[in-house]
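Below you'll find the structure, written out as structure tokens, and then a few comments.
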Amino acid sequence: MNESADRAPDSTAVITEPVPDLQLQLLVQLLDREMRSGLPLTLAVPAGVLHGDVIGHEAWKADWSRSLRQVEGEGANLIAEFPETVDQGIKELGAAEGAQQLPRWIHLRDATLLFGGMAPLRLPLWRGRLSDVSGWALGRPE
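Under our numbering, think of the first position of the sequence shown as 1, with each following residue one higher.
Given below as structure tokens:
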């Protein structure tokens, strides 16, 4: 028998990896266009509830670099340039493909993670996969 005969005619494809929320992806893409833009957002992530100001990728890179330049030592200077180095490598690989993709990462400034009765964890910068966000709301909790 051939494979197509063995398959049920009404079978459907199953997605095996999480799919990011399209509206959240488009919102992040919009914020990527303006480096000074930020928007208070609350996210449901596997670790708990996270809130902060969503910023674009370029703003996150600038904040990352600025925070590491305040640390002494050659290693800090090297790591300060790490996100830009990664972006350059990705651009070189993607130049052959030429396709613009929707963002797969979300960046927060002045983030707070709330989880399971523990004290809030405050983070100056946070980066996470959009596919790990299971829900979101405009604003921060009151």
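Note that CB positions come from ideal geometry on N, CA and C, so glycine has one too.
- Taking 7 Å as the cut-off, the Cβ atoms of Ala44 and Gly135 count as close.
- The three-state secondary structure of Val28, taken from DSSP, is helix.
- Nearest C-alpha to Val133 among Asp63, Val28, Pro124 and Ala119: Val28.
- Checking the DSSP bridge columns, you'll see Leu123 partnered with Ala111.
- By the criterion of a C-beta distance shorter than 6 Å, Ala59 is surrounded in its chain by Met35, once the five residues flanking it on both sides are discounted.
- When the beta-carbon positions are compared, Gln25 and Pro83 stay at least 7 Å from each other.
- When the five nearest sequence neighbours on each side are left out, no beta carbon in the same chain lies closer than 6 Å to the beta carbon of Gln101.
- Rounded to whole angstroms, the gap between the alpha carbons of Pro40 and Leu130 is 16 Å.
- In this structure, the CA atom of Leu22 is about 22 Å from the CA atom of Ala111.
- Rounded to the nearest whole angstrom, the CA to CA distance from Ile106 to Thr12 is 31 Å.
- For a cut-off of 8 Å, the C-beta gap from Ile55 to Gly38 is around 5 Å, short enough to register as a contact.
- Counting along the chain, Leu130 sits inside no beta strand (DSSP E), nor does DSSP assign it H or E at all.
- The C-beta of Gly52 has 16 or more other C-beta atoms within 10 Å across all chains shown, which makes the residue buried.
- For Trp126 and Val86, the gap between their C-alpha atoms comes out near 17 Å.
- DSSP links Ala44 through a beta bridge to Val49 and Gly135.
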